[in-house]
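Presented below is the structure to which this report refers.
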Amino acid sequence: MTGWLDRVDDLLYDGETVVERVAVDDGGVVVTTHRVLAFTPDREGANFRYVDRPNVTGVSAAASGEFGFLRQALKAIVVGVVLLAAGQTVSFDSLVAGVTIDSSAAQVGMGGMLGMLSSFLQLMAQLDELMTTFGALALAFGALVLGVYLWTREHELVVAVAGDDEDLRLPAPADAEDVAQQLEQAILPE
């Protein structure tokens, strides 16, 4: 697609001239006297888009990723921290340590109810350990999902477009800040 950067004159209107030309990966951005042309062959969607220069509001280097992963990771980490903190600070063993079940009540016909109460007390005694375990699992899950978010994140060169039109996004070059400033000066003269 960089061939189009070299042959951009074929795409120009009558009276339109090239002001700035920047190669980015396999594509690039061309600023003309009338428009901003973006070539993005390695991205989803169209390989070529353009925006009239008055509709461009700025150029910046940004990072994007799957924010659903970030949201899920933050939820899991918060739940994990709360469960871990509660499991480590509250001792449910001491709350149920003094509770004893009188076995003589089983003779009155309450054996099934007492068995269920005994199981509940055993579960309560282990609740702090369960909270610690599930808190650690939630933290591990949150860290894993956060890693996936960071893996899907990519640095981009963004040409902001006014209105409802979608911004032009290109993979960011190594010197993205300098390129963004160079393009913004060419597009938005003082």
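Residues in the sequence shown are numbered from 5 upward in steps of one, following my numbering.
Where is the CB? At the ideal position from N, CA and C, for every residue including glycine.
Can you grab the Cα-Cα spacing for the pair Met5 / Arg25, in whole Å?
A caution first: Met5 carries a pLDDT of 44, below 50, which makes its placement in the model unreliable, though a value can still be read off. Rounded to whole angstroms, Met5 to Arg25 spans 14 Å at the Cα level.
Inset, instruction - Would you check whether the ligand SAH has a heavy atom nearer than 7 Å to the C-beta of Val183? - result: With respect to small molecules bound, the structure shown includes none, and the ligand SAH cannot be examined in it.
Notebook entry, point to check: Does the beta-carbon distance from Val60 to Val165 come in below 8 Å?
Noted result: yes
Close-in-space but distant-in-sequence residues of the same chain around Val83 (CB under 6 Å, 5 per side omitted) = Ala142
What does the alpha-carbon distance come out to for the pair Tyr17 and Lys79?
52 Å
Next on the checklist: Check whether the stretch 165-184 and the stretch 53-72 are in contact - that is, three or more C-beta pairs closer than 8 Å.
Outcome noted: yes
By alpha-carbon positions, which one of Phe73, Val33, Gly32 and Val94 ends up nearest to Trp155? Phe73
- Query: So, Val33 versus Leu150, is the Cβ gap smaller than 8 Å?
  - Reply: no
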